[in-house]
Amino acid sequence: MCASQGKSKMDLQKITEYLLDNDSTTRDITFTPAALANVGLLIRLLIDEYQQGIFFNQDGMRIEFNSQAICSSLDRGAVFVYGDLESETALFRKIKLFLDWEEEGLCAVELSFFPDDLQPDFKIEQFLSKLNLWWDTLQTREVFVRYENASWEQYNPNDLGVFYHQTRT
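Numbering (my numbering), first residue to last: 888 to 1056.
What follows is the structure in structure tokens.
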């Protein structure tokens, strides 16, 4: 994987501080839109790692907690899928998955968590390793880690709240 350095050159200690800053907002991991096949691979990774969860489509209809059902829902034209995943052993004990169709054949992917959802003994290297696994799986151009911010100009690395950004070259 080749990547530009952007905000990734930031001190790892600073990134850790931002990840753990308990300010009552989530931290959002946002990827530029991904191909459906790669989104399916990410869903399989998440289902394998998390023991329990719940998924819904844009109509509030519950989707069975398995990768085949979730991918099938996307294949049938769901325009939005929300997942809430939990695991006692995963790096993120709780994480939320948001999938939203951005354009033909591509899906916006965001994973959100609260600072308290990270394992108490987490290390920044574990976080970056997990982030890169998901990014490599999705094969998207960019990844952002940021404070939750409703006014974020989507995919703008210089916007307020973005504290980590990578771009594939």
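Built from N, CA and C at the ideal position, the CB exists for glycine as well.
- For Ser959, the enclosing alpha helix (DSSP H) has its first and last residue at 954-962.
- In the displayed model, Leu998 falls within a strand according to three-state DSSP.
- Its chain contains Asp915, Thr917, Phe985 as the residues whose beta carbon lies nearer than 6 Å to that of Glu997, once the 5 sequence neighbours on both sides are disregarded; these appear in chain order.
- Among the bridge pairs identified by DSSP, Lys983 is matched with Asp971, Ser999.
- DSSP places Arg931 within a helical segment (H, G or I) once states are collapsed to three.
- In the structure shown, the three-state DSSP call for Tyr1042 is coil.
- Glu1029 carries a strand assignment under DSSP once its states are collapsed to helix, strand and coil.
- With a 10 Å radius around the Cβ and a threshold of 16 neighbouring Cβ atoms, Val968 comes out buried.
- Between the C-alpha atoms of Thr1054 and Leu1015 there is a straight-line separation of about 14 Å.
- Counting along the chain, Tyr905 sits inside the alpha helix (DSSP H) bounded by residues 899-907.
- Within a 10 Å sphere around the beta-carbon of Thr1056 sit fewer than 16 other beta-carbons, which makes this residue exposed.
- Between Thr919 and Arg1028 a beta carbon distance of about 5 Å is seen, short of the 8 Å cut, so the two are scored as contacting.
- By a beta-carbon distance limit of 8 Å, Ala924 does not contact Leu993. Their separation comes to about 11 Å.
- Annotation: the continuous beta strand (DSSP E) that includes Pro920 extends over 914-922.
- Leu933 is positioned such that its CB atom lies closer than 9 Å to that of Ile982.
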